[in-house]
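Chemist:
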Amino acid sequence: MDERIDPVQFAGLRNNAHVIRNAGGRVTDDVIRSLIISHKLLGTQEWYVIQHTDCGGMTFTNNEITELLSESLESAEYGENGWYNPSKEGGSAEGQYINFYPIDNIEKTVTDDVTRLKNHPLVPSNIPIYGYIYDVESGELIKVDKACSIGTSCE
Numbered sequence: 232m233d234e235r236i237d238p239v240q241f242a243g244l245r246n247n248a249h250v251i252r253n254a255g256g257r258v259t260d261d262v263i264r265s266l267i268i269s270h271k272l273l274g275t276q277e278w279y280v281i282q283h284t285d286c287g288g289m290t291f292t293n294n295e296i297t298e299l300l301s302e303s304l305e306s307a308e309y310g311e312n313g314w315y316n317p318s319k320e321g322g323s324a325e326g327q328y329i330n331f332y333p334i335d336n337i338e339k340t341v342t343d344d345v346t347r348l349k350n351h352p353l354v355p356s357n358i359p360i361y362g363y364i365y366d367v368e369s370g371e372l373i374k375v376d377k378a379c380s381i382g383t384s385c386e
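To convert a position in the sequence shown, counted from 1, into the numbering used here, add 231.
#1: Assuming GLU368 and THR284 are in contact, meaning their beta carbons sit under 8 Å apart, how far apart are those beta carbons, in whole angstroms?
#2: VAL280 lies in the beta strand (DSSP E); which residues open and close that run?
#3: By how many angstroms is the C-alpha of GLY321 removed from the C-alpha of ASP344?
#4: Where does TYR332 sit, in a helix, a strand or coil, going by DSSP?
#5: On the DSSP bridge assignment, give the partners of GLY321 in chain order.
#6: So what's LEU353 in DSSP terms, helix, strand or just coil?
#7: How is the alpha helix (DSSP H) around ILE268 delimited, first residue to last?
#8: If you draw a straight line from the C-alpha of ARG454 to the C-alpha of SER356, how long is it?
#9: Between the alpha carbons of GLU295 and VAL262, how many angstroms are there, rounded?
#10: In this structure, does DSSP put ILE360 in helix, strand or coil?
#11: For GLY370, which of helix, strand or coil comes out of DSSP?
#12: Taking the alpha carbon of HIS351 as the reference point, which residue from ILE251, VAL341, LEU266, ILE334 has its own alpha carbon closest?
#13: Give the single residue among VAL341, GLY313, THR383, ALA378 whose Cα lies nearest to the Cα of GLY255.
#14: Looking at CYS286 and ILE329, is the spacing between their C-beta atoms short of 8 Å?
#15: Look at the alpha carbon of TYR309 and the alpha carbon of PRO317, and state the distance between them as a whole number of angstroms.
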C-alpha cells in the first residue's frame with residue numbers, strides 16, 4: 232500500500248508475480264482468499280510475505296484507531312504525541328468490530344503471518360512461503376529466519 236515501495240522492482244519479479252498489497256502487508260482473510268485463487272486457478276507456486284520498515288502500521292494500536300474513529304470519520308493527523316483528530320464530530324463505534332492488524336514487532340508479525348498461511352486448511356502443504364522485511368532506507372530485503380523455517384527454507 233505504501234507508495235514508496237514497488238515490490239516488483241525490489242524483488243526482481245517484473246511480469247512474473249501476483250502482488251497483493253494492503254495496509255501493513257498483513258495476512259488478512261482477504262489476502263488468504265486472493266492467494267488461494269492465485270494458486271488454485273492461476274498456478275502460483277510460491278508465496279512471499281514481505282513487510283517493511285518505517286510502516287504506518289507501527290504507529291497505532293487497534294484501541295487507538297477505534298477511539299479515533301469513534302470521535303470522527305475524517306482524516307486524523309500525526310503529531311508529537313501520536314495520532315489525533317483535528318475535528319471531533321461524526322464518529323462511529325463500528326471500528327470496534329474490525330481488526331486493523333497493527334504492527335508492534337515486525338519480525339513477529341512476518342512470522343505470525345507466515346504461520347497463519349501455513350496452518351490454513353486451504354493452503355497446500357507443498358507451497359513454499361517465504362518471510363522477509365524490506366528496509367526502506369537501505370533497499371535491502373532481509374530474511375526473517377523464524378518465518379522461513381516455518382514456511383520453507385529461504386535459501
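All C-beta atoms in this analysis are idealised placements derived from N, C-alpha and C, irrespective of residue type, glycine included. Note that this is a predicted model, so its numbers are computed, not measured.
Modeler: On the basis of the supplied data:
#1: 7 Å
#2: 278–283
#3: 34 Å
#4: coil
#5: SER303
#6: coil
#7: 260–273
#8: The structure shown does not extend to residue 454, since the chain is modelled only from 232 through 386, so no value can be given for it.
#9: 24 Å
#10: strand
#11: coil
#12: LEU266
#13: VAL341
#14: no
#15: 10 Å
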